[in-house]
Every structure is written in structure tokens, then in C-alpha cells.
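Participant: Taken in order, these protein sequences are the chains called A and B.
Just so we're aligned, residue 0 is where the first sequence starts under our numbering, counting upward by one.
Just so we're aligned, residue 447 is where the second sequence starts under our numbering, counting upward by one.
Would you mind keeping the following structure in view while I ask a few things?
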Amino acid sequence: MTAAERRLASGGGIDRSRPLRFTFDGRPYRGFEGDTLASALLAEGVDIIGRSFKYHRPRGVIGAGVEDPACLVELAGRAASGNQQAATVRLRDGLAATSVNCWPSPELDAAGIIGAFSRLLPAGFYYKTFMWPGWRYYEPWIRRAAGLAAAPATPAEGRFETRHAHADVLVVGAGPAGLSAALAAAGSGARVVLVDDNRVPGGALLNRRLGIGGAPAEEWAAKAGGELAAMDNVTYLCDATAWGYREHNLVLVVQRNPETPDVIERSWKVRARRVVIATGAHERPLVFANNDRPGAMLASAVQAYVNRYAVLPGTTAVVFTNNDSAYGAAADMAAAGIDVAAIVDSRKDVPGAARALVGGTEILAGQVVTEAHGRRRVRSVSAGDPAGGTMRRIACDLLAHSGGWNPVVHLHCQSRGTLRFDDTIAAFVPKDAAQPAAVAGAAAGLPSLGDALADGAAKGAGAAEAAGFRALSRPLPECRDQPYAVEPLWLAVAPGREDRSFLDILNDVTVDDVRLALREGYRSIEHVKRYTTGGMGFDQGKTGNANIIGTVAHVKGIAVPEAGFTTFRPPYVPVAFGAVAGARTGPVVLPFRHTPVTAWNIEQGAVMYEAGGRWRRPGYFPKPGESFQDSVDRECRSVRQRVGVYDGSPLGKFEIKGRDALRLLDLVYTNDFSDLAPGKGRYGLMLTDDGMILDDGVTFRIDEHRYLMTTSTANAETVNRHLERILQVDRRGWDVRITTLTSEWCNATICGPRARDVMKALATDIDIDRDAFPFMHFRSGSVAGLPARVFRVSFTGEVSFEVNVRRRHFRSLWDRVMDAGRRFGIEPVGSEASHVLRTEKGFLSLGHEADGTVDPHDLGMSWIMSRKKADFIGKRAVEIRRSSGEPRRELVGLLPDDPEQAIPEGAPLTPGGSKRASEGLTTACVRSVVNDRWIALALLENGRERIGGTAHARTRTRIIPARIAAPCFHDPEGRLLRG
Amino acid sequence: MVEMGYEATASRAGTQAVFEIRGKQRDVAAWAGARLPPLPAQPNTETREDGLAICHCGPDRWLVRAPIRREAGLTEALDPDAAPVSVSVVPVSDSYAFFNVSGKDADAVMSMVTPLDLHRSVFPENAATFTAVCGVRGFLARRTRPENGYELAVDASLAEMVECWFARILG
């Protein structure tokens, strides 16, 4: 049959006036508007579209929609994408697609030789065989030989979007039940979102020749869809698939080809008060040898290609079935010109209504097809009595088979709804809903058109009423339907051919694989799934699950419901990562925060990166010709010898006010705040409930009931949540209110021996003399003509003035500080230098020394654990833990024996440097400008007792001995910072 | 200002005078009631009067907004330092960066930055609330003049990130 002969001259939903050109594996082809890539390739006579996942068997089109398990393609160009189902790719002019998992072509795949050894490659083969010396050595090669498409080398041209939507009623599926539900719900005035994966409404009605209201069913569907699209309270998303059902009726939808220019796909997060799932049913394949050969297709798919796309997938067909629906397909095939050589029906008694649809066609009742023959395409089939006897060989190039229909219960199951097995249709159907949702039509196990329309209308009206609307009754149209009955048939395989009889065609899972899993003791259906991979991947068992379950039941000799069913997981269809991310990519993949001097920092050439709490801060300010270490050393020297300034704006700041504010501080801090006078500040440590350090900071008392708390940058939000939880949950009656001021006030911290000179040069009305403005005090006044709050706190160990101004004034303040400080040699200081300066002082840093495993005693801060207070958060936990007498890791300093030897931060300390369990770790290691050598801080088991001894840091390449010292390397008495 | 494929604009607005007031309604009313529009009865709504808006944005929590030129006067009137112990009045004008989103497609644009249901039946003309905006916490109010749209605010430190969001969404 030539390509021209495969495309019917008339009929179908394609637009023959709009021809489209496309390429597949580099070869040019033609199709029409309305085609999918699969229908166009079928029409052009392309039988083999790809190679299978594991055995590299040739694969052609099997289904006509998302249920097709065989034909993945890669798309190039504008919509570059890795794994797309050919049966769902909308054909457009210039489309460039390539096949997957084959080289050099699907017809001549070099790895096809693997198929010859399939008996030697059963389920679990790889994991059993490639154990030594390690799976990791083989994995890259195996993954290259088996699997899916690679990610595109270049991003798609265009962008993705994510939108949120809200609905009173969300209807998934615009088939007969879905349209009926949407009409009923929308008529009530409810906000309705209708989602359908086709470009035109109708669902399965588009593939069959049925009638509704005295007209062809597709006309009714088009009219209903048009009516819905015209309603203001309806959002109709076509070419869109609901792929995930999350908690609280959140349904995830991906919409292909949205109307917005340059948007490739749009993701929708639809939050609905009620959901109607009308996702229809998928036809399941029958299981016989070589049921994956190109030319072996689902009967409903053949019917769809004939009726909807005007394509003849073959010239001579055999239809193999165990149910009535294939007779309608056979009738449509015959009407289109396909010679139906025979209908092989496993049922002994074929209903008269089914026979009547195919008058004159030979029906082989009570017989099965056991094998399809042909290397690259079906050339004939063997059929006969399954009980034994002579097999008859029937020549054909198309085998349309139907094993019955599986309600599409994926979304229902994702919503945590339960299933039951319905013997009348031999399939799992929804049982109980776990969320405010209902399943309608074929998805609920109702195969007849009339039932689907009625059920959809009832579920749509019910959903609207449950959402608070009054649904109006709407007369149901008359419909012309075909009867449906089925007798389950799980296996039709001749002995010795089970290794070529596929249950899960996507994952190359055969009957043999399932038998092996059961022999090896995998009894649970979930374990069988994991062992064989059946039902995994993008397919999620659409065509395979029921057959795997049926086979397990058949082999074990139990009823199908006893075998159970597996979990359906999202995504229901392949979804591009871009569609999930939406706009949240590139620079906004994570939030970032700036201070008003970010632009200034960048102008100065600062190397910027995140330094906690999502703040982008300057790491260091390199000058031409400087190394990283040169820059950091220079900045440190400026602070130790002259003056430096750093942007301390990101520090957390909170105003705390209320009659119980002091009680709150005394509850969360380990030390006592009751005697803190207004105008003064006090350093405090917060613990978690389990007694570990949560945060540290200085809190100032503004007046009797008002405090200003500062926190670390990274933990500001954590502390805020901690305090709010206490007030909203634990101490609901306390009169305390917290207002976040982190971004309200920005601070320039001027530090170093000349800091006071700079403050004077800035002109301030605050008396900044040491005695008038001592350490750990604050003052309000004017600095550089700007209203300011100045705090005497030091994180560097030098005299420091933290000048806080409103955000709007900060850039101005910063410029004036730099101007005023120029003659004193002021330098901007980045977070790297700050890290050095605090390490020299032994000041703790959250995430370094306080890593969630230490308490204040470990850090040598027993003095901060109040003995006066009856209780504070974490007190009891610390006491209990320490009462065990177990050795603790304590903060110490380390001086590497080689002063020019750095210890990697995080390096473990082991006894004598041997390969034994660690006794601590290096928390910080910096080159100290005041000591002119490398110094480190570490948490070391019983560290304080071992001061003067030697510890050993063990790295991959060397062992670094270091003398254990007190954890302070500069001004241990703290005279400088109080100066 | 970002001009987009959508018929909408998103632009950074100037600083507003903002005060966060916390305290029981009766205490707040007693301290500041005479100086402010009537406190909104419903949570997540605001009352607007004479250029002043006050939003009931959480339990015992209120947000007062006004043009920045009125900040000094409001500071004097609300007198944060003199407020009784039962009421917190904290000037927070610099804590927020404001944006205006307006135009025919403003709803579509907003559906990309917030998960909140902005249908008029749910988020009416006097609606104002804290919610998720561009993946972070933000304040959102419906704007009716000069044209239909939305006013949103985020922590000032996140302003550049939100500008970047709009540029990516709408560019």
C-alpha cells in the first residue's frame, strides 16, 4: 500500500486544505492540519517509529493517544523536548522529530541484536550480574544502551508559564460524561474549569461512529464544547492534560500550544472545590507472542486512525478480541476499505448484536491469536482453539486487538481514592473518594454512551450543588450506542513464547518476567512491579497494569481482586521540567534579596554570592592583580589596623512590645534579661526544644515594655517563626507583639581602631566617647544629617559602631561613610573578611560552630546558662543530655604545625589521623592577618582538656597535625572592642 | 515599567507611608481610631478614606497606608513612642516595595505570581491581604483607580527579584 493509498480521500477531522511538511529522522514527510505525528507517519507508511526500552525491538504505533506505550520521539528546534509521545504530538509545519533508543535508524538499529538474547536478559538481570566491582561502573553504559531520549542539548525556544486557577467545579475530560458534567455544572452559575487533552471536544466520540440527539456524536460534542466555551463562567482548556492530583483538590494541568506567542507550554495549578473526573477508559491489549510487532495495534486505535485521521493503518486485518467493542472497530475498518480477514473472539458465544455489526465477516468464536508473525511488521497471525488443536495461519498486515477496557483511574488514585474490581467489565473501577471528587462515565466503569451522559450530568450537577449552587435539570439527549460485554482473557500465549509476550510494552516486561518474579518470591503486586518495572515510567501502567495483575492472578491461581493493584503516580503523561518550573527559572529559581548598596558593591567589583537568608552579599572586593587571599587579607588588615565598613543590613531585626515582652525574652534566651536597663543591649543565645543552639544575637531595651531584638542573618525567619509559634500556640495569653524591621533599618558597621574618628568625621550629635557611649549600648540621634540609631556591638573584636538608618537613607549614609573614612584608609569589607575576623576572635557562627549538635557548654559558654531563671527553652534537654556523662565535642582552636598549611573546613579530626571514627571536625579555618598564619576552630571530643595537645585533621590526601589551643587568637580579654 | 505581550503593565511604585499597628481592636480604636478611617470589620479587607487605607491583615494586626507625603503627619498623629503598652505602632514604610499591575490581562498576569483566588466574588474591591507573591510573602490589594488592577508589595529587599519575575513572565 502506498502512502497515497493509506490516506483516505475524504472524511476524518483533518484539514486537507492545510498541508504541513515535517521531518522524521531527517527524512521529509507531509501531513495535514489536525494530524498527530503518529497519524501522519502512519499515513506516510512509516511502520517502525522507534526501538524498545530494553531489547531494542522494533516498535510502531499501538495507540492513538496518551495510552500509546511504544512511540517516543525527540523534538528538535523551537519546541525541543526529550520524550514526547508521537500519538500526542500535534503536527505543525516544520516539525522535526527523531526516533528514540536506536542507531543509526529504527529500521537498522545496531543494538537490535540485544533482542536475540532476550532470554538471557530477564527482569533483574542487570542488578544480579553487574554487582562486581560496583554497579556504578556499568550504569553509564547500560543507561546509554537502554532507555529514553536524552535531554535536548539546547533549551527550547520560547518560555514556559505557570498559572494558578480556581474553580467551583473542575471537570477533567471533555468526552460524553465530561461535557455532560460541565454543562450541568456551568448551568448552575458555578465557576467551571474544563480540561481536555484533545484540541476538540468529544473524547472517544471522535473515534467512533455513534449518534447523539439524532446527529453524529461528534457534532453534539462540538456544539456542547462551543456552548461551554462561550460561557463567562467556564474556562475551557483544550490540548491540556491533568497530570497530577494533589492534596486539597489541587489538580496539575499542562496545556500544550497555548495561544500566547512564544509560550511553549503552560502549566495550570487548579484548586477546585469539587472535581469531576471524566477521563474515560483505555483499551487494554491482549497478550500473545509478538504482540508488540508493528502492525499489532489496539482496535480502538485503528478505529481512531480510520475515523478521525482518515488513515488506513493496513490493508488486510485480523481482529482479535474478547469483547464487543472490537466489532464496532471492525465495522468501521471494513467501511473504510480495510479487508477484515477474520475476527478471532476468545468467547464461545458472541452476542448477536456484535455479530450484526460485521455481517459477512468470518468470526472464529472460542479461538485466540497466539502469535503474530513477521520481522519488521505483522505478516500473519496464528489462531486457533486455546485448548489445543491445529493452529491456523491467517495472512494480514494489521492485527487489531482488544482485551477490554480499563477505566482511567489514575487521577482518582492519585487523590488517594480506592478501587474495587468489577467483574462485569473485568476491570478495576473507583470505589471511595478521598477528596471532594466524583468519577463519571467510562472512568467510573460505565461503558455505555447513554449511561455516561446521564452519569456525567448527575455528577456535574451534584458537584455544583455541593459547591453551593443550584443546578437546573437539563434534558438528556437520545443516543445511538453499541452494546458492550466482555469475558476476561489474560493470556493467549503458546508454551515457550512467553518471553516474547509483552505485558508492559513500554518497559519490555514479558509474561516470563512476571513468572520469574513470582518464582523468586515477590508475592506482593507492588514488589512484582518493582522487580519487573512493569507499570513504571511515564506510562504508569495505562495499558500494562491490568494485564500484569491478571497474569499474576492467573499464575497464582487466585481471583484478580486478590492480586491487588499498584499505586498510580504523577505525572500521568510526560511533562516537561520547564512546564513544572514555569517562570521560576534562571535568576529567580530561588528568591534573592538585595540591600540598597548592592549596586554599589557590584560597581566596586565585589564578588557577590548568597551568604544566608537569601541575601546576595559581597564576598570580597578584589583589586586588579589581587588573589582571593590578597583581597581578604587586605580587608582584614584595614579592620585590624585602620577602619573598615561592612553592610550589616541583612541582620534580623524585630521590635518586641507588650506587658509580657520580658517574659518572652527570658523564655527564649538562656540568660537573664530582667535587669537589662533601657538603652542597653545584651548578647543572648536561643536554644531549640532539644537544647541545641538555635540562634544568637543582641537585644536592646528601648523602654519598659519595648525591645529591639537582632538575630543572625540566616536565621532571622526561623527565629521569627519560633517566636510566633510560642505566642500563637504555647503562650496564647501573653501580651506580646512582634514587628519585623529587618528591611526597615539598614546598617553600616564601622569597625576598627579609627572607627570613632570616622564617626566624628561623619558629624553626629551623639556623644560617642567611650564613657558616654559604652559597649553594648545604643543611642538615637543624627549621623551625617540622617536620623539614626547607633549600636555599640562588635562581631570583629574591634571598636564598632553599627549605624542604622531607614532604608531610604542607606545609600546616602554609605556614600558619606566612604567619603568620611577615606582619609583614615577605610575599606569595604566582605563576608570572607568578616569570617576571618570573627574566627580570630572565636565568635561563634551559625552553621559553623553551632551546627545543630552543640549546646552552650560545648562552646565554652556555660556562663550564659542562667542558674537564676526557673526555666527557659532547652534548659531541661541540656541538663538531661549532659547528665549522661558522655564525652562532648567542645570548641577549641587549632594551630596547624605548618603555619602555612590550611585545614579544609569540615575536615574530620581522627585519633592520630588514623582511619577511625572521627572525634571532631574543623568548623573554620582562615589565614589570620594578626597571627600571620593559618588558624582554625574545631569541635573536638573533650577538647578543652586537651588544649596543648595535638589533633589530626584527616583529608583525602594528607593528615594535618595541629596544636590544640584556646578558641580565641586575638585580644582574648576583649579590651579592644570595648575601647 | 515592563511592557508585555499581555495587555497589561507592571510597574514599581514609589514608597508609601506604612504603619503596622498591632493590638486588640478596642485598644487600637481607642488609641488611633480618631486618626484613621473606620477599622475594617472583616479580616483581609481594608477601608479607604481620604487617601488613607487601613487593612485588617491578621489577628490583632492592621496595616495603615498613605501617600509618603503624609508620613510625617501620620507619625505625629499615631505617635509610636507614646502608644500604650497594649498597642504597637511601628513605622514600616521602608520595609515594603510596591508594584502596580493593571490592564486588560492583569488577572492573567496575577495568576502567574500568586496562588490566591482573585475572582471578584472572592477578592472584591475592598480586599487586601498578605499572601504568596512571586514565591515569597507579599501584600496584595485590588486597585480600582485609575484603572482596574492590583497593588502588591513585598519586602523591600526582594524588589529586584520581583522586577525580574515580571520581566520573565511578561517579557
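Where is the CB? At the ideal position from N, CA and C, for every residue including glycine.
Predicted, not measured: the structure shown is a model, and the values here were computed from it.
If you reduce the DSSP assignment to three classes, tell me which class Trp134(A) lands in.
Facilitator: By one-based count along the first sequence, residue 134(A) stands at place 135. Helix.
Participant: Based on the DSSP secondary-structure assignment, which residues constitute the bridge partners of Ile655(A)?
Facilitator: What you label residue 655(A) is simply residue 656 of the first sequence in a count that begins at 1. Tyr706(A), Ile737(A).
Participant: Taking 7 Å as the CB-CB limit, is Pro561(B) close to chain A?
Facilitator: Taking the first residue of the second sequence as 1, we reach residue 561(B) at position 115. Closer than 7 Å to some Cβ of chain A, the Cβ of Pro561(B) qualifies, so yes.
Participant: His400(A) bridges to which residues according to DSSP?
Facilitator: Here residue 400(A) refers to the residue found at position 401 of the first sequence. Beta-bridge pairing links His400(A) to Leu297(A), Phe319(A).
Participant: With a floor of 3 residues, list each beta strand (DSSP E) that falls wholly inside the stretch 68-133 of chain A, ordered by position along the chain.
Facilitator: Taking only runs of at least 3 residues, the beta strand (DSSP E) segments lying wholly in the stretch 68-133 of chain A are 71-74, 80-84, 94-98.
Participant: Distance check for Ile276(A) and Pro482(A), CA to CA, integer angstroms please.
Facilitator: On the first sequence, position 483 is the one that residue 482(A) refers to. On the first sequence, position 277 is the one that residue 276(A) refers to. Answer to the nearest angstrom: the Cα atoms are 23 Å apart.
Participant: Tell me the residue span of the beta strand (DSSP E) that contains Asp14(A).
Facilitator: Stepping through the first sequence from its first residue, residue 14(A) is reached at position 15. That run of the beta strand (DSSP E) goes 14-23.
Participant: Relative to chain B, which residues along the stretch 741-754 of chain A have a C-beta separation below 9 Å, given in chain order?
Facilitator: Within the stretch 741-754 of chain A, the residues whose Cβ lies closer than 9 Å to some Cβ of chain B are Thr741, Ser742, Glu743, Trp744, Cys745, listed in chain order.
Participant: So Ala453(A) and Val407(A) are in contact, right, with Cβ under 8 Å, and what is the actual spacing, rounded?
Facilitator: Translated into positions along the first sequence, residue 453(A) becomes position 454. Translated into positions along the first sequence, residue 407(A) becomes position 408. Not a contact, Cβ separation roughly 19 Å.
Participant: State the beta-bridge partners of His372(A) as determined by DSSP.
Facilitator: To locate residue 372(A), count along the first sequence from 1; it is residue 373. DSSP, once it has assigned bridges, lists Ser379(A) as partnering His372(A).
Participant: Determine, using beta carbons only, whether Val587(A) comes closer than 7 Å to chain B.
Facilitator: As a first step, residue 587(A) must be located in the first sequence, where it is residue number 588. Chain B, which has a Cβ nearer than 7 Å to the Cβ of Val587(A), makes this yes.
Participant: Measure the C-alpha to C-alpha separation of Val559(A) and Gly584(B) and round it to an integer number of angstroms.
Facilitator: Position 560 of the first sequence, counted from the first residue, corresponds to residue 559(A). Position 138 of the second sequence, counted from the first residue, corresponds to residue 584(B). Near 53 Å, if we compare the C-alpha coordinates of Gly584(B) and Val559(A).
Participant: Beta-carbon of Val531(B) versus every beta-carbon of chain A: anything under 7 Å?
Facilitator: Mapped onto the second sequence, residue 531(B) falls at position 85. At least one chain A Cβ lies under 7 Å of Val531(B).
Participant: Can you find a CB in chain B that lies within less than 7 Å of the CB of Pro260(A)?
Facilitator: The residue you call residue 260(A) lines up with position 261 of the first sequence. Answer yes: the Cβ-Cβ gap between Pro260(A) and chain B drops below 7 Å somewhere.
Participant: When we look at the beta-carbon of Pro474(A) and count the other beta-carbons within 10 Å, is it buried (16 or more) or exposed?
Facilitator: Translated into positions along the first sequence, residue 474(A) becomes position 475. By the neighbour-count rule (16 or more Cβ atoms within 10 Å), Pro474(A) is not buried but exposed.
Participant: Report yes or no: is there a C-beta of chain A within less than 7 Å of the C-beta of Ile615(B)?
Facilitator: By 1-based counting over the second sequence, the position of residue 615(B) is 169. Closer than 7 Å to some Cβ of chain A, the Cβ of Ile615(B) qualifies, so yes.
Participant: Could you tell me which chain D residues have their CB closer than 9 Å to the CB of Asp601(B), listed as they occur along the chain?
Facilitator: Although the question refers to chain D, the structure presented lacks it and instead comprises the protein chains A and B.
Participant: Can you confirm whether His704(A), when its beta carbon is compared against all beta carbons of chain B, has any partner nearer than 7 Å?
Facilitator: Reading the first sequence from its first residue, position 705 is the one you call residue 704(A). Yes, contact with chain B.
Participant: What is the residue span of the alpha helix (DSSP H) that Leu975(A) lies within?
Facilitator: Mapped onto the first sequence, residue 975(A) falls at position 976. 974-977 is the extent of the alpha helix (DSSP H) around Leu975(A).
Participant: Under 7 Å Cβ-Cβ, which residues of chain A neighbour Trp611(B)?
Facilitator: Position 165 of the second sequence, counting from 1, holds the residue named residue 611(B). Simply Ala582, Val587.
Participant: Report the CB separation of His400(A) from Leu285(A) in whole angstroms; it is logged as a contact under 8 Å.
Facilitator: Here residue 400(A) refers to the residue found at position 401 when the first sequence is read from its first residue. Here residue 285(A) refers to the residue found at position 286 when the first sequence is read from its first residue. Their Cβ separation, rounded to whole angstroms, is 5 Å, which keeps His400(A) and Leu285(A) in contact under 8 Å.
Participant: So Ser38(A) is in the alpha helix (DSSP H); what residue range does that whole segment cover?
Facilitator: Taking the first residue of the first sequence as 1, we reach residue 38(A) at position 39. Per DSSP, Ser38(A) belongs to the alpha helix (DSSP H) from 36-42.
Participant: Keeping to the same chain, check which residues put their C-beta closer than 7 Å to that of Gly796(A); ignore five residues upstream and five downstream.
Facilitator: One-based indexing of the first sequence puts residue 796(A) at position 797. The answer, listed in chain order, is Leu836, Glu839, Lys840, His969, Asp970, Leu975, Leu976.
Participant: Do you know offhand how far Arg998(A)'s Cα is from Gly403(A)'s?
Facilitator: Examination of residue 998(A) is not possible in this model, given that chain A is present from 0 through 978 alone.
Participant: Got a sec: is the Cβ-Cβ distance from Glu453(B) to anything in chain A below 7 Å?
Facilitator: As a first step, residue 453(B) is located in the second sequence; it is residue number 7 there, counting from the start. No - not a single Cβ of chain A is within 7 Å of the one on Glu453(B).
Participant: Near Val274(A), what residues of its chain come up, given a Cβ to Cβ distance below 6 Å and the 5 sequence neighbours on each side ignored?
Facilitator: The count along the first sequence starts at 1 and reaches residue 274(A) at position 275. Closer than 6 Å at the Cβ level, and outside the excluded window around Val274(A), lie Leu169, Asn248, Ala436.
Participant: State the CB to CB distance for the pair Val789(A) and Phe774(A), rounded to an integer number of angstroms; the pair is presumed to be in contact (CB under 8 Å).
Facilitator: Working through the first sequence from its first residue, we reach residue 789(A) at position 790. Working through the first sequence from its first residue, we reach residue 774(A) at position 775. Val789(A) to Phe774(A), Cβ: 12 Å. No contact.
Participant: Within 7 Å of any Cβ in chain B, is that where the Cβ of Arg807(A) sits?
Facilitator: Translated into the one-based positions of the first sequence, residue 807(A) becomes position 808. So yes, Arg807(A) belongs to the interface.
Participant: Among the candidates Val72(A), Leu939(A), Ala876(A), Thr741(A), whose CA atom is the shortest distance from the CA of Ala602(B)?
Facilitator: As a first step, residue 602(B) must be located in the second sequence, where it is residue number 156. Residue Thr741(A) is the option with its Cα nearest to Ala602(B).
Participant: Listed from N- to C-terminal order along the chain, which residues in the stretch 160-171 of chain A have their beta-carbon within a distance smaller than 7 Å of any beta-carbon of chain B?
Facilitator: Within the stretch 160-171 of chain A, the qualifying residues are Glu160, Thr161, Arg162, His163, Ala164, His165.
Participant: When the Cα atoms are used, what is the spatial distance from Gly696(A) to Lys868(A)?
Facilitator: Within the first sequence, residue 696(A) is the residue found at index 697, counting from 1. Within the first sequence, residue 868(A) is the residue found at index 869, counting from 1. Whole-angstrom Cα-Cα distance: 19 Å.
Participant: Return helix, strand or coil for Tyr304(A), following the three-state DSSP convention.
Facilitator: Within the first sequence, numbered from 1, the residue matching residue 304(A) stands at position 305. Tyr304(A) falls in the helix class under three-state DSSP.
Participant: Between Lys652(A) and chain B, is there a C-beta pair that is closer than 7 Å?
Facilitator: Sequence index remark: in the first sequence, residue 652(A) carries index 653 (1-based). Closer than 7 Å: no.
Participant: Using only CA atoms, which one of Tyr452(B), Leu524(B), Ala459(B), Val579(B) lies nearest to Pro483(B)?
Facilitator: Counting from one through the second sequence, the residue named residue 483(B) turns up at place 37. Closest by alpha carbon: Leu524(B).
Participant: Looking at the unbroken beta strand (DSSP E) that takes in Thr949(A), where does it start and where does it end?
Facilitator: Counting from 1 along the first sequence, the entry for residue 949(A) is found at position 950. Note, Thr949(A): beta strand (DSSP E), 949-953.
Participant: How long is the line joining the alpha carbons of Phe420(A) and Val513(A), rounded to whole angstroms?
Facilitator: Against the first sequence, residue 420(A) aligns to sequence position 421. Against the first sequence, residue 513(A) aligns to sequence position 514. The straight-line gap from Cα to Cα measures roughly 21 Å.
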